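Numbering (our numbering), first residue to last: 158 to 706. All residues carry an ideal CB built from backbone N, CA and C; glycine is no exception. Just so you know, these numbers come straight off a predicted model, no measurement behind them.
This is how it looks when you write it as structure tokens:
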């Protein structure tokens, strides 16, 4: 302590001890700084806690089923805990009531199907473990002085067989049952060896587990039941709506030349981002695992509501798979917006009406199918794909008619130069875009390609910031791109437009799989017929009015 005081007093070089360096000089200025930092940390912690509480409340408001599930869980545990106060003739019930409480904790799941699966696994695992424990217990008693050896060997064999069998692919749904089997067997053998009452230990635990399972099923089914099948149904409907939103957003954004000044890193790594266009199709693509889980739960649920016995839940997943097949095309369309090579706005404008129509008609078909699936109705008479097919054909015809827009056609030799053209032929050639004008392509005659300035395809991003391509071309003339190099860039930018149009046509082609899967589901699930709309009467040739249904 004396040395510490000397060092404290003689420290004139500014090298203060750690404590002094932390709290500052003797004037107390840094002490106030330390207290200020502490207050800031406390304030930040309070803000984070408030934000967490706000999000928790928002979760309950957005999905009240989660609040109901929590209430039901507390109610089931409260009812089961009454066994602790059992005063009957069987005092073991009160002593081992924890088995019933544990059963409620592990069995009580969010949906009814998941609860049935957990209950089946726990019941089957406990029953098999009880029977096996009873047999080995009797054998260990007969073994006499080798009783401990028999118990240890039986535990090893049980653990080995259960752990190996649960790795078999078809046994994956029963993995929890194998865990319960091993746990129950070990506990019964240890407890029975201490009390020497194997049969009573097995029966007591079976009864308590059955009591916990009964309370779980009654509370979960009878009080605001949450069905996995209904959740699967709503998830597939949501996929239709999300994909329609993404499709319209991609087409509108492309035609408006919306570009990203910098692509978010979360989109590049396929993580959740703040872009609604990206999140919509991402949720569709990533719903596979959730659908498979809900499908496994739904097959265990009893008939309820409009869902009859042996309901074709697998067809819901099949329909969603067809929707995902279309979602991959929408992902590629969004990739065209994110790409570095962009078509100039004037070339996009050439096909804007056709692209807009295909996008709107495709989204309309998706929303119509989602609405029919939500209402569980069959498709109305007629071809639901008629309008979108016509729009795609118009786009394809426009591409055929204006194909010179999509390529660098300066080197085309359409044909030999005509020897003579009279005045009438020249007038018709001026009026007809399909007329062959000499040895050059029509791009110069119709679109005035040469009027495009040297080097850059101009577009505006979402922040109205001028974006140029190629990147080494400066809008201020800081660098000049060579003629041949620019032609390469121009051809690549034009082909990006062709890529977007071809992907949109591919999307229309994939819609047929979605419609076929939906029709198959509507037949197997026995969807109701669509409402019949009576049209105004039409007069026939004989003068008699007829009604068209």
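Distance check between residue 553 and each of 519, 543, 511 and 534 places 511 closest, using alpha-carbon atoms only.
Residue 499 is classed as buried because its beta carbon has at least 16 other beta carbons within 10 Å across all chains shown. Here the alpha carbon of residue 337 sits roughly 14 Å from the alpha carbon of residue 359. When the Cα atoms are used, residue 657 and residue 412 turn out to be separated by approximately 11 Å. Using a C-beta cut-off of 8 Å, the region 509-523 makes contact with the region 661-670, since at least three inter-stretch Cβ pairs fall below that distance.
For the 7 Å CB-CB criterion, residue 233 and residue 372 form a contact. The region 441-455 makes contact with the region 478-492: 3 or more CB pairs, one atom from each, lie closer than 8 Å. Going by C-alpha positions, residue 282 is about 26 Å away from residue 300. Collapsing the DSSP output to three states places residue 197 in a helix. By the neighbour-count criterion, in which 16 or more other beta carbons inside 10 Å mark a residue as buried, residue 231 falls on the exposed side.
Ranked by how close their Cα comes to the Cα of residue 475, the residues 193, 675, 455 and 221 have 675 in first place. Each of 225, 368 and 551 was checked against the Cα of residue 241, and the nearest Cα belongs to 368. Put simply, of 347, 253 and 496 the residue whose alpha carbon is nearest the alpha carbon of residue 362 is 253. Listed in chain order, the alpha helix (DSSP H) runs fully inside the region 312-371 are 332-352, counting runs of at least 4 residues. Per DSSP, the continuous alpha helix (DSSP H) segment holding residue 230 begins and ends at 221-238. Distance between residue 530 and residue 394, taken at the CA atoms: about 7 Å. Around the beta carbon of residue 405, a 10 Å sphere encloses 16 or more other beta carbons of the protein chains shown; the residue is thus reported as buried. When rounded, the separation of the alpha-carbon atoms in residue 265 and residue 346 is 27 Å. Less than 7 Å separates the beta-carbon of residue 270 from that of residue 458. The Cβ atoms of residue 222 and residue 383 sit closer than 7 Å to each other. Sequence-distant Cβ neighbours of residue 467 in its own chain, meaning closer than 7 Å and more than five residues away, do not exist here.
Within the region 450-528, the runs of alpha helix (DSSP H) that reach at least 4 residues and sit entirely inside it are, in chain order, 470-495 and 502-507. When the alpha-carbon of residue 290 is set against those of 357, 403, 327 and 502, the nearest one is in 357. Here residue 543 carries a helix assignment [DSSP, helix/strand/coil]. Counted as a single uninterrupted DSSP element, the alpha helix (DSSP H) harbouring residue 300 occupies residues 269-300.
The region 190-198 and the region 318-338 do not touch, with fewer than 3 CB-CB distances between them shorter than 8 Å.
Nearest Cα to residue 239 within the set 255, 388, 306 and 344: 255. Residue 528 holds the alpha-carbon nearest to the alpha-carbon of residue 684 among 542, 528 and 539. Across the structure, residue 259 and residue 376 are spaced so that their CA atoms are roughly 16 Å apart.
Nearest neighbour of residue 537 by Cα position, chosen from 496, 563, 666 and 687, turns out to be 687.
Assigned with DSSP and collapsed to three states, residue 534 falls in strand. Distance from the CA atom of residue 434 to the CA atom of residue 507, rounded to whole angstroms, is 25 Å. Leaving aside the five residues that flank residue 378 on each side, the residues in its chain whose CB is nearer than 7 Å to its CB run, in chain order, 269.
Collapsing the DSSP output to three states places residue 555 in a helix. Straight through space, the alpha carbons of residue 526 and residue 464 are spaced by roughly 19 Å.
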